[in-house]
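Each residue of the sequence shown is one higher than the one before, starting from 21 at the first, in my numbering.
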Amino acid sequence: MDLQIIQERIYTIRGQKIMLDYDLAELYEVETRVLNQAVRRNAKRFPTDFMFRLTETEWQRMSSQIVMTYPTKRPKVAIPYAFTEQGLAMLSGVLNSDKAIDVNIAIMRAFVMLRKMVLQHKEIIDRIDQLEASYDEKFAEVFKALKYLLEPPQTEREAIGFKRGN
Numbered sequence: 021m022d023l024q025i026i027q028e029r030i031y032t033i034r035g036q037k038i039m040l041d042y043d044l045a046e047l048y049e050v051e052t053r054v055l056n057q058a059v060r061r062n063a064k065r066f067p068t069d070f071m072f073r074l075t076e077t078e079w080q081r082m083s084s085q086i087v088m089t090y091p092t093k094r095p096k097v098a099i100p101y102a103f104t105e106q107g108l109a110m111l112s113g114v115l116n117s118d119k120a121i122d123v124n125i126a127i128m129r130a131f132v133m134l135r136k137m138v139l140q141h142k143e144i145i146d147r148i149d150q151l152e153a154s155y156d157e158k159f160a161e162v163f164k165a166l167k168y169l170l171e172p173p174q175t176e177r178e179a180i181g182f183k184r185g186n
């Protein structure tokens, strides 16, 4: 399974990385209705922090973006379920086909890869902040010198030394 295909189907909703039921059904090669039926039969395995239904507003916002990318996707009237990473792990116990196992392994790898990318991103941002702080100190000296050069000249002083008489 291509990790890029999976990563394109991971969205961020309510501050969590999620996958939608119809994307999962497509990956598992089952109908969305069948996937959701299996989940309903095992409802105790899917508390609200593992799976939740999008709100109308969330779905409208998402569908406007998804429609551009996937014109044949789910109709806008059917509001999908969102599965968090824990919910996806729980799906492996509900869907027991070889395809479901392979897809779940690929999905877990995609989530691990995303986490690594986020950590690397954070490390890069921290490094940039450190560089910025050190350069701020160095630039402070440059700005101080420039300011000195841009200050108005000092008032005329009396010349020092021998004066010729008229």
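Yeah, the Cβ is synthetic: ideal placement off N, Cα and C, and Gly gets one too.
- Taking the alpha-carbon positions, what's the Glu51 to Lys37 distance? 23 Å
- Message: Does Lys167 come out as helix, strand or coil in the three-state DSSP assignment?
- Response: helix
- Message: Within 8 Å, do at least three Cβ pairs link the region 59 to 72 to the region 123 to 138?
- Response: no
- Query: Who are the Cβ neighbours of Leu115 in its own chain at under 7 Å, not counting the five residues just before and after it?
  - Reply: Tyr48 and Ala58
- Query: Going by beta carbon distance, what residues of the same chain come within less than 8 Å of Ile33, once the five residues before and after it are set aside?
  - Reply: Leu74, Glu78, Met82 and Ala102
- Item | Limits of the unbroken beta strand (DSSP E) element including Ile38 | Gln36 to Leu40
- Exposed unless 16 or more other CB atoms sit within 10 angstroms - verdict on Phe208: Because the chain in this structure spans residues 21 to 186, residue 208 falls outside the shown range and cannot be described.
- Query: Is the CB-CB distance between Pro100 and Leu40 below 8 Å?
  - Reply: yes
- In whole angstroms, what separates the C-alpha of Gln80 from that of Ile121? 31 Å
- Under the three-state reduction of DSSP, which class applies to Thr77: helix, strand or coil? helix
- Message: Considering just the uninterrupted stretch of the alpha helix (DSSP H) at Ile26, what are its terminal residues?
- Response: Leu23 to Gln27
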